[in-house]
Amino acid sequence: METFFLDEMIEILCRLSVKDLIRFKCASKHWCSLIDDPYFIKRHLSHSLKTKTNHSLLLRHYEYNFFSVNYDSGEAIQRLNHPVGEQKRAIKILGSCNGLLALIDDNDRIFLWNPSTRKFQVYSLRRNCWRRIKDFCFYLLSAREIGFLANNALHWMVFKPPKSGKQDLVGFDLGTEEFRFLELPDFCLDKLFCYDIKAMGGYICLTATYREIDTVVVDVWIMEEYGVKESWIKLISCYQPEFIPDSPFAVPLAFSKNGDKVLFNISYKCRIFNNWYSLMDKFVWYDLCGERIEKVEIRGIPSVFEVHFYVESLVPINGNAVMINNEMP
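Structure (structure tokens):
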């Protein structure tokens, strides 16, 4: 009976937000011990990923201001304390996994940060040595280009020879420590376009933005079966919305809970005075069934920002976490 009651209690607690669970930890030592248990942390994280709940948007404004937006409601915006306590120090977000974010400052110090628990730690090697795992025999567009995680592999767009004009997608499997090339779809071959490639909803997602006569077109492709070129499908093809001004660049962020919409971050140029322009950012929903674009109004967000999608979790910084591979929005 006691085991049954405990299992039911864990099932209920798994449905709560990290904020509520942190409050419950103060109620008693028993609650604190239960919520801090690695088994419960893993159960809570698994439930959030499976049900697409407890997700947030992290906005970075002017390199050192951070804001959190509740993805489920799209309403609650919260300003976060600077993770390293130095308000004017620039910090760049490298990526996220299971609720932990990797950050780097202008002194090349790397930090691990859990925005939900407000804990952070300066990253260092446990052993005083480096292990060479594989030569990176490719060329990046930028020396500081950051890869993205999908299917337990890190991916980059690379050039094979140094003067090649064609880029290829390469993945480095973190388990086998081997590189492999992934073929891209045959898209926009006769057009000049901008692209973005990342992980979304468990898939590799490619976005191509290009001009067609007097308008801007955004195509979104996803690879349904990892590593299979024939599995690329065009998920979205849409034109520039009337309420988005000149030269937009659209990046998909995540699927909605029921999978019928995709949230986009759109950066565009906005005229502020005569011939002076400023970059602006905006969120929009794209309805996959109705093939229409919907405005997203979130009060209090900055007009210009960099956005990252992450799941709220209790995963600790101290290395005792039970990790789950490939957090995907």
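In this text, residue positions in the sequence shown follow the numbering used here: the first is 20, and each later residue adds one.
Positions of the beta carbon are idealized from the N, C-alpha and C atoms, including for glycine.
From a predicted model like this one, the values you see are computed outputs, not experimental measurements.
Can you say whether residue i is buried or exposed, counting buried as having 16 or more other CB atoms within 10 angstroms of its CB?
i, result
"ILE320", "buried"
"PRO348", "Note that PRO348 has pLDDT 45, beneath the 50 cutoff, so the model's placement of it is unreliable and the number below is only indicative. Result: buried."
"ASP238", "buried"
"TYR258", "exposed"
"LEU298", "exposed"
"VAL189", "buried"
"MET28", "exposed"
"ALA109", "exposed"
"ASP300", "buried"
"LYS48", "exposed"
"PHE59", "buried"
"MET20", "Low confidence applies to MET20: its pLDDT is 48, below 50, so where it sits in the model is not reliable, and the reading given next is rough at best. Burial call: exposed."
"PHE24", "exposed"
"PHE200", "exposed"
"VAL247", "exposed"
"CYS33", "buried"
"ASP26", "exposed"
"PRO180", "exposed"
"PRO57", "exposed"
Let me check understanding here. Comparing Cα to Cα, which of the options lies closest to residue i?
i, options, result
"HIS80", "ASN100, LEU272, VAL315", "ASN100"
"ASN284", "LYS276, GLY278, SER275, PRO271", "PRO271"
"PHE178", "ILE255, HIS66, GLY246, TYR158", "TYR158"
"LEU203", "CYS156, TRP251, PRO180, PHE212", "TRP251"
"GLU231", "LEU193, ILE336, ALA218, SER256", "SER256"
"GLU196", "ARG318, ILE152, TRP132", "ILE152"
"VAL326", "ARG128, PHE130, GLU82", "GLU82"
"VAL323", "ASN84, SER36, ASP39, LEU53", "ASN84"
"GLY194", "ILE312, ASN170, ILE129", "ASN170"
"LEU119", "LYS111, LYS138, ASN126, ARG128", "LYS138"
"GLU249", "TYR287, CYS289, ASN277, PHE206", "PHE206"
"PHE368", "ASP26, ARG311, PHE155", "The structure shown does not extend to residue 368, since the chain spans only 20 to 348, so no value can be given for it."
"ILE31", "HIS66, ARG42, PRO57, ASP56", "HIS66"
"GLU310", "PHE328, LEU254, SER286", "LEU254"
"GLU313", "ASP233, LEU68, LEU282", "LEU282"
"GLY278", "ASN89, CYS308, SER161", "CYS308"
"VAL351", "ARG42, LEU77, PHE212, ASN133", "There is simply no residue 351 to check, as the chain begins at 20 and stops at 348 in what is shown."
"PHE328", "TYR287, ARG42, ASP233, ASN89", "ASN89"
Starting from the C-beta of residue i, find all residues in its chain whose C-beta is less than 6 Å away, skip the five residues before and the five after it, and write them out in chain order.
i, result
"LYS280", "TRP304, ASP306"
"LYS111", "ILE123"
"ASN126", "none"
"ASP192", "ALA172"
"LEU40", "ILE54"
"LYS217", "PHE167, CYS224"
"TYR245", "ASN170"
Since I believe residue j is in contact with residue i (beta carbons under 8 Å), could you give me their beta-carbon distance rounded to a whole number of angstroms?
i, j, result
"SER75", "SER87", "5 Å"
"ALA269", "MET219", "Contact doesn't hold; Cβ gap of about 13 Å is too wide."
Output needed for residue i: all residues of its chain with C-beta closer than 8 Å, excluding positions within five of it in sequence on either side, in chain order.
i, result
"ILE165", "LEU113, GLY114"
"ASN337", "GLN140"
"CYS51", "LYS44, CYS45"
"ARG62", "ILE29, CYS33"
Among residues of its own chain, excluding the 5 on either side of residue i, which ones have a beta-carbon nearer than 7 Å to its beta-carbon?
i, result
"TYR222", "ILE241, MET242, GLU243"
"PHE214", "A quick correction: the sequence has Tyr, not Phe, at residue 214. The residues are LEU225, THR226, ALA227."
"SER135", "VAL37, GLY118, GLU331, SER332"
"TRP175", "LEU159, GLU164, GLY166, VAL189"
"LYS276", "LYS71"
"VAL315", "GLY93, PHE302, VAL303, TRP304"
"ASN73", "SER36, VAL37, SER67, VAL330, GLU331"
"LYS185", "none"
"ALA121", "LEU113, GLY114, ILE129, LEU131"
"PHE212", "ALA227, THR228, TYR229"
Is residue i near the ligand SAH, judged by its Cβ being under 7 Å from some heavy atom?
i, result
"MET299", "In the structure shown, the ligand SAH is absent, as is every other ligand, since no ligand is present at all."
What beta strand (DSSP E) runs, 3 residues minimum, are completely inside the region 197-241?
Unbroken beta strand (DSSP E) stretches of 3 residues or longer found wholly inside the region 197-241: 198-201, 212-219, 222-231, given in chain order.
Jot down the residue ranges of each uninterrupted beta strand (DSSP E) in the region 281-338, minimum 3 residues, whole runs only, in chain order.
Here the runs fully enclosed are 295-306, 311-314, 325-330.
Any alpha helix (DSSP H) of 4 or more consecutive residues that is wholly inside the region 38-122:
Within the region 38-122, the runs of alpha helix (DSSP H) at least 4 residues long that lie entirely inside it are, in chain order, 48-55, 57-70.
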